Amino acid sequence: MKKIVLLCLLAFATGLCYAQFPQNFIGEWKGKLQWIVTGKPLQEFAMRLRIAASDSLNRYIWHISYGDSNKDTRPYMLSLVDREKNHWVIEEGNGINLDNYVAGNCLQGSFTVMNNTIVNNYCIEDGKMRVEFFTIKLADKKTSGNGTKDSPLVDNYRMAGYQHGLLEKVR
Numbered sequence: 099m100k101k102i103v104l105l106c107l108l109a110f111a112t113g114l115c116y117a118q119f120p121q122n123f124i125g126e127w128k129g130k131l132q133w134i135v136t137g138k139p140l141q142e143f144a145m146r147l148r149i150a151a152s153d154s155l156n157r158y159i160w161h162i163s164y165g166d167s168n169k170d171t172r173p174y175m176l177s178l179v180d181r182e183k184n185h186w187v188i189e190e191g192n193g194i195n196l197d198n199y200v201a202g203n204c205l206q207g208s209f210t211v212m213n214n215t216i217v218n219n220y221c222i223e224d225g226k227m228r229v230e231f232f233t234i235k236l237a238d239k240k241t242s243g244n245g246t247k248d249s250p251l252v253d254n255y256r257m258a259g260y261q262h263g264l265l266e267k268v269r
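Numbering (our numbering) for the sequence shown: 99 to 269.
Now the structure itself:
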């Protein structure tokens, strides 16, 4: 009986963790991102992210602004695809849809555009949102290994850039 209660509590706690998304993300977030590119000076820029309920069930406003003047804006939508798989999509509104998945307190995704793969992480930690973008240059590929069971072929790619920052909830 104790094992059944423990299993139920674990299942309930796991469900709560995922049930917090997107509710624990809703709000207006603001902060600075650093952009690191090998061989170039560090760049820093402002980022705002507004996440709010829309007038449709399981659809949320996902509005990103870059720069202090907020002239570079991205009015996206976040929509639930499959709750069981924790699958969401960020819709850019131009036919481009970016698949993302909830893992713990993070929304994570990856996509490839113009021969670059970008991996994104949005994670809530201690009341702040950690934002990361890894840019991988697919054209700069090196392969090692012998192509055998003991030494399979392994593709390596150059990291073209890394953006990271902490956003604070302002509303």
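All C-beta atoms in this analysis are idealised placements derived from N, C-alpha and C, irrespective of residue type, glycine included. Just so it is clear, the structure is predicted and the values come from calculations on it, not from any experiment.
Neighbourhood of residue i by C-beta, 8 Å cutoff - its chain only, sequence neighbours within 5 removed
i, result
"G207", "I188, L196, D197, N198, Y199, V217, N218"
"I124", "I149, A150, A151, Y158"
"T210", "I216, L236"
Start-to-end residues for the beta strand (DSSP E) that takes in residue i
i, result
"L155", "Counting along the chain, L155 falls outside any beta strand (DSSP E), and DSSP gives it neither H nor E."
"M223", "First, the residue type needs correcting, since residue 223 is Glu and not Met in the sequence shown. Element bounds for E223: 214-223."
"L251", "Unbroken run through L251: none, as it is neither H nor E."
"G137", "From DSSP, G137 is part of no beta strand (DSSP E); its letter is neither H nor E."
"E230", "226-242"
Close-in-space but distant-in-sequence residues of the same chain around residue i (CB under 6 Å, 5 per side omitted)
i, result
"S163", "R146, T171"
"H161", "R148, P173"
"G245", "L251"
"P120", "Y158"
With 16 other Cβ atoms within 10 Å as the buried cut-off, status of residue i
i, result
"G243", "exposed"
"V229", "buried"
"L265", "buried"
"Q141", "exposed"
"L176", "buried"
"M212", "exposed"
Beta-carbon proximity check, residue i vs residue j, cutoff 9 Å
i, j, result
"I234", "A258", "yes"
"W92", "F143", "The requested residue 92 is not part of the displayed model; the chain covers only 99 to 269."
"N52", "C221", "Residue 52 lies beyond the residue range present for the chain, which begins at 99 and ends at 269; the question has no answer from this structure."
"F231", "Y260", "yes"
"K183", "M227", "no"
Close Cβ partners of residue i (< 7 Å) along its chain, the five nearest in sequence each way excluded
i, result
"G263", "G129, K130, L131, Q132, M145, V229"
Identified DSSP bridge partners for residue i
i, result
"F209", "I216"
"E189", "M175, N195"
"R148", "E126, H161"
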